[in-house]
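Participant:
2 protein chains.
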Amino acid sequence: MQACHVALIGATGAVGREILQVLEEREFPLRDITLLASARSEGTRLEFRGHHRAVRLLTKEALTGVDIAIFAADVETSRDYASHAVAAGAVVIDCSGAFRHDPQVPLCVPEVNALPPHQGMVATPHSLTVQTVLALAPLHTAASLKRVVIATYQAVSGMGREAMEEFDQQLRDLLNFRAVQTGAFPHQLAFNCVPQCGDFLDNGYTSEEMALVDELRRILAVPALPITATAVRVPLMHSHGAAVCVETARPLSPDAARDILASAPGLQVEDDTKRLSYPLPVHANGQDAVFVGRIRADQSVPYGLHLWIVADNLRKGAALNVVQVAERLLAS
Amino acid sequence: MQACHVALIGATGAVGREILQVLEEREFPLRDITLLASARSEGTRLEFRGHHRAVRLLTKEALTGVDIAIFAADVETSRDYASHAVAAGAVVIDCSGAFRHDPQVPLCVPEVNALPPHQGMVATPHSLTVQTVLALAPLHTAASLKRVVIATYQAVSGMGREAMEEFDQQLRDLLNFRAVQTGAFPHQLAFNCVPQCGDFLDNGYTSEEMALVDELRRILAVPALPITATAVRVPLMHSHGAAVCVETARPLSPDAARDILASAPGLQVEDDTKRLSYPLPVHANGQDAVFVGRIRADQSVPYGLHLWIVADNLRKGAALNVVQVAERLLAS
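Residue numbers (my numbering), protein chains in the order written: chain A, 1 to 332; chain B, 333 to 664.
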């Protein structure tokens with residue numbers, strides 16, 4: 001692998017900081033790294049490989065001379081700047097969601113779909129898509145998916161740093177008998193479950209519910225696969241859970257599914273009900289693996305399985321997947 | 333209605349205290365009330381209608397002269413004492429779960445199934461069954477249920493007072509950087525989601541998942557209805573949520589379902605996505621109604637609907653349903 005110059009846009013955000021940590025842990029071959037952010041965060045100093053580096057203001061000019069530009073800021077930033085990075089010769093890896101539905105832009109989870117030829121831009125999916133597709137792909141190969149029903153238990157950090165600070169403040173206020181303030185969330189989230197992730201669409205679903213459906217279909221390469229989802233924000237900081245109910249065209253026993261999932265890349269099966277062992281958000285925090293458990297037959301359909309899937313949404317759900325894509329780009 | 337003598341067994345527990353409050357609020361016609369509990373709680377004084385009453389030790393003798401004996405303690409207590417209450421001439425209302433699967437004992441949610449002839453004992457279902465069946469029953473009448481998939485978001489108070497105190501302590505310990513202790517829960521519950529409610533059965537499901545399936549079938553009177561569930565404990569104190577995915581034999585639009593549910597007894601539709609209005613645990617706390625929202629078409633099946641159902645598990649999920657059954661008994 002040839003060392004390269006990486007620009008990280010949104011370096012001070014929740015996902016940006018996690019990407020920086022994963023680049024360091026995996027000893028990503030770097031010639032240089034440029035940390036970029038909006039004016040609000042300009043000048044912030046972040047530690048990387050033992051040195052503090054100042055975050056610079058994102059401008060078109062700051063994107064020249066870059067080999068890989070990782071966009072980890074919001075959708076608007078990617079829409080405004082990603083094409084400039086490509087024009088300046090960089091390959092863009094976008095995890096903002098701005099290009100996930102663009103048929104010109106490959107959507108990649110390296111363990112599942114090989115990186116196809118691209119036109120200077122690769123997108124990474126929503127964190128829930130990453131963790132769900134890692135489990136669904138090997139089951140699809142084994143028994144052909146017929147329908148998937150998903151209910152999510154999404155952590156606060158998926159909404160970014162501002163929401164994390166608000167959640168933290170809500171908890172402290174409630175435990176000290178003070179009134180709760182809301183801003184990033186439409187409703188109190190502390191000690192609550194909010195059935196809204198993203199914005200509402202005309203069909204009654206939220207943007208994140210439909211993103212999950214559309215992205216899973218794209219990555220599994222089954223454009224019409226019946227998938228449906230309910231996305232709920234739960235009051236914890238890190239790691240998403242998903243209760244996933246899978247119907248298959250061919251029979252697949254829980255034991256066979258467990259074996260298939262245990263040998264699939266990126267997955268760790270944690271499924272010993274006798275020892276009360278199953279995936280938990282607090283165990284997944286900081287881990288690279290996607291954890292799968294509660295694997296059992298769904299007796300309400302001819303061939304069906306239940307799965308409970310948990311992963312650290314900032315790590316494998318976002319940062320690690322981005323760095324894995326960058327590693328594929330370097331290798332190709 | 334004739335005033336009667338009620339004995340409340342498990343008076344100091346989370347459900348027991350809520351029953352006492354509902355009896356008071358609804359001005360239940362009482363001649364006398366006897367509060368009973370185990371030796372641990374003997375002598376505790378509870379306020380009822382402006383007077384403090386001492387909780388007495390539960391014995392066989394304490395159950396004589398009672399018209400209605402409400403069992404709100406654990407399964408073992410009901411197994412040990414309910415038959416004595418019946419033998420002594422009382423009608424037992426059991427909400428412990430001990431008799432929910434007994435075909436001799438009617439399982440009753442007054443809005444849904446009329447109280448049939450009984451042999452001295454009536455059971456009330458699990459709190460999740462109550463809130464789910466209130467929404468499913470009118471949809472079944474309108475369009476005939478074909479399959480139901482449920483994912484639950486269950487509050488801590490469903491596990492009783494000891495668990496509530498442990499959850500509270502875990503939160504305070506974590507926010508003060510102290511180690512978390514577990515006892516009532518198998519794992520840390522604060523800032524976690526635990527996919528285990530009840531004990532594991534041989535089929536890989538938990539006792540509460542199968543209770544939900546079995547009880548819904550019984551109350552809807554469709555013994556073979558395909559139902560499947562995943563039950564997850566979430567880190568909040570009161571009110572259960574349920575993401576419910578319904579397939580029907582006949583078409584039913586979200587608008588038609590909304591109208592049907594809005595006029596069904598015990599339900600309140602809260603479903604205005606433009607105003608970000610949907611059922612929330614923090615809004616349901618202390619309320620009698622079961623709240624339904626996020627009503628939308630499930631596009632992954634020919635005729636399907638999604639519902640998000642929230643109710644205060646101690647109130648309508650347990651105490652209010654018990655008192656409503658007692659009111660039916662008095663009226664009959």
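Quick reminder that beta carbons are idealized off the backbone N, C-alpha and C, glycines included.
Short check: CB of Asp312/A to CB of Gln287/A, under 9 Å?
Facilitator: A contact, by the Cβ cut-off of 9 Å.
Participant: Rounded to whole angstroms, what's the CA-CA distance from Leu171/A to Ala394/B? Just pull it up for me.
Facilitator: Going from the Cα of Leu171/A to the Cα of Ala394/B covers about 45 Å.
Participant: Got a sec? Which residues, its chain only, sit under 6 Å from Ala85/A by beta carbon, not counting five neighbours each side?
Facilitator: Contacts found: Leu63, Ala69, Val92.
Participant: Are His306/A and Thr560/B closer than 9 Å when you measure CB to CB?
Facilitator: A contact, by the Cβ cut-off of 9 Å.
Participant: Exposed or buried, Gln463/B, counting other C-beta atoms within 10 Å across all chains shown (16 or more means buried)?
Facilitator: So Gln463/B ends up on the buried side.
Participant: By the DSSP assignment, the alpha helix (DSSP H) with Gly348/B in it spans what residues?
Facilitator: Per DSSP, Gly348/B belongs to the alpha helix (DSSP H) from 346–357.
Participant: Just mark Ser585/B as buried or exposed, buried being the case when its beta carbon has 16 or more other beta carbons within 10 Å.
Facilitator: Ser585/B is exposed by the Cβ-count criterion.
Participant: Report the residues of the segment 519–531 of chain B with a CB closer than 9 Å to any CB of chain A, ordered along the chain.
Facilitator: Per Cβ criterion, the list reads His519, Gln520, Ala522, Phe523, Asn524, Cys525, Val526, Pro527, Gln528.
Participant: Kindly indicate which residue of Arg31/A, Leu30/A, Val55/A, His51/A has the alpha-carbon position closest to the one of Glu42/A.
Facilitator: It is Val55/A.
Participant: Since Ala257/A is in the beta strand (DSSP E), which residue starts that stretch and which ends it?
Facilitator: Taken as a continuous stretch (DSSP letters only), Ala257/A belongs to no beta strand (DSSP E), being part of the alpha helix (DSSP H) at 254–262.
Participant: Check the Cβ of Ala594/B against every Cβ in chain A and list those closer than 8 Å, keeping chain order.
Facilitator: Residues of chain A passing the Cβ test: none, with the nearest at roughly 16 Å.
Participant: Can you check which of these residues, Gly160/A, Phe28/A, Tyr303/A, Glu24/A, is closest to Val75/A by C-alpha distance?
Facilitator: It is Gly160/A.
Participant: Taking the beta carbon of Phe403/B as the centre, do at least 16 other beta carbons fall within 10 Å, making it buried, or is it exposed?
Facilitator: Answer is buried; the Cβ neighbour count reaches 16.
Participant: Quick check: the Cα distance between Asn535/B and Gln299/A, rounded to an integer number of angstroms?
Facilitator: Approximately 10 Å, taken between the alpha carbons.
Participant: Going along chain A in order, which residues have a C-beta closer than 8 Å to the C-beta of Leu685/B?
Facilitator: No information on residue 685/B is available, as it lies outside the stretch 333 to 664 that chain B covers here.
Participant: Using CA atoms only, rank isn't needed, just tell me which of Val655/B, Lys606/B, Gly490/B, Trp640/B is closest to Val481/B.
Facilitator: Val481/B has its Cα closest to that of Trp640/B, out of Val655/B, Lys606/B, Gly490/B, Trp640/B.
Participant: Is it a yes or a no for the segment 217–237 of chain A touching the segment 255–272 of chain A, going by three-plus beta-carbon pairs under 8 Å?
Facilitator: With the cut-off at 8 Å, the segment 217–237 of chain A and the segment 255–272 of chain A do not touch.
Participant: Mind listing, in chain order, the continuous alpha helix (DSSP H) runs of no fewer than 4 residues lying wholly within the segment 266–307 of chain A?
Facilitator: For the segment 266–307 of chain A, whole alpha helix (DSSP H) runs of length 4 or above, ordered along the chain, are 281–284.
Participant: Quick check: the Cα distance between Asn617/B and His570/B, rounded to an integer number of angstroms?
Facilitator: The alpha-carbon atoms of Asn617/B and His570/B are separated by roughly 6 Å.
Participant: What are the residues that DSSP puts in a beta bridge with Gln154/A?
Facilitator: Partner(s): Arg233/A.
Participant: For Ala151/A, which residues in chain B fall below 7 Å Cβ to Cβ?
Facilitator: Those within 7 Å of Ala151/A in chain B are Ala483, Ala575.
Participant: With three or more beta-carbon pairs closer than 8 Å as the criterion, would you say the segment 335–348 of chain B touches the segment 178–191 of chain A?
Facilitator: No, because fewer than three Cβ pairs between the segment 335–348 of chain B and the segment 178–191 of chain A fall closer than 8 Å, the two stretches do not touch.
Participant: On a Cα-Cα basis, can you pick out the residue from Thr409/B, Pro613/B, Leu352/B that is closest to Leu389/B?
Facilitator: If we check each option's Cα against that of Leu389/B, Thr409/B comes out closest.
Participant: If the cut is a Cβ gap below 7 Å, which residues of chain B does Tyr205/A touch?
Facilitator: The answer, in chain order, is Arg628.
Participant: Would Ile351/B pass as an interface residue toward chain A - the criterion being a Cβ-Cβ separation below 9 Å?
Facilitator: It does not: the Cβ of Ile351/B has no partner Cβ on chain A nearer than 9 Å.
Participant: From Glu579/B to Ala621/B, what distance separates their C-alpha atoms?
Facilitator: Straight-line Cα distance between these residues: approximately 24 Å.
Participant: Does the beta carbon of His472/B come closer than 9 Å to any beta carbon on chain D?
Facilitator: The displayed structure is made up of protein chains A and B, and chain D is not among them.
Participant: For a cutoff of 9 Å on Cβ pairs, would you count Met159/A as touching chain B?
Facilitator: No, because no Cβ of chain B sits closer than 9 Å to the Cβ of Met159/A.
Participant: State yes or no: is the beta carbon of Tyr635/B nearer than 9 Å to at least one beta carbon in chain A?
Facilitator: No, because no Cβ of chain A sits closer than 9 Å to the Cβ of Tyr635/B.
Participant: Please report how far the alpha carbon of His458/B lies from the alpha carbon of Val347/B, in whole angstroms.
Facilitator: So the alpha carbons of these two residues sit roughly 12 Å apart.
Participant: Who pairs with Met121/A in a beta bridge, going by DSSP?
Facilitator: Val92/A, per the DSSP bridge assignment.
Participant: Let me see if you follow: with CB-CB separation under 9 Å, is Lys60/A close to chain B or not?
Facilitator: No, Lys60/A lies away from the interface with chain B (no Cβ there is under 9 Å from its Cβ).
Participant: Any idea if Ser428/B is buried or exposed, counting beta-carbon neighbours within 10 angstroms, 16 or more meaning buried?
Facilitator: Its Cβ being crowded by 16 or more others within 10 Å, Ser428/B is buried.
Participant: What residue ranges within the segment 20–76 of chain A form continuous beta strand (DSSP E) runs of no fewer than 3 residues, ordered along the chain?
Facilitator: If we require 3 residues or more, the beta strand (DSSP E) runs fully inside the segment 20–76 of chain A come out as 30–37, 45–48, 51–54, 68–71.
Participant: Are Ala663/B and Ala151/A closer than 9 Å when you measure CB to CB?
Facilitator: No, they are not a contact pair.
Participant: Can you find a CB in chain B that lies within less than 9 Å of the CB of Leu280/A?
Facilitator: Yes - at least one Cβ of chain B is within 9 Å of the one on Leu280/A.
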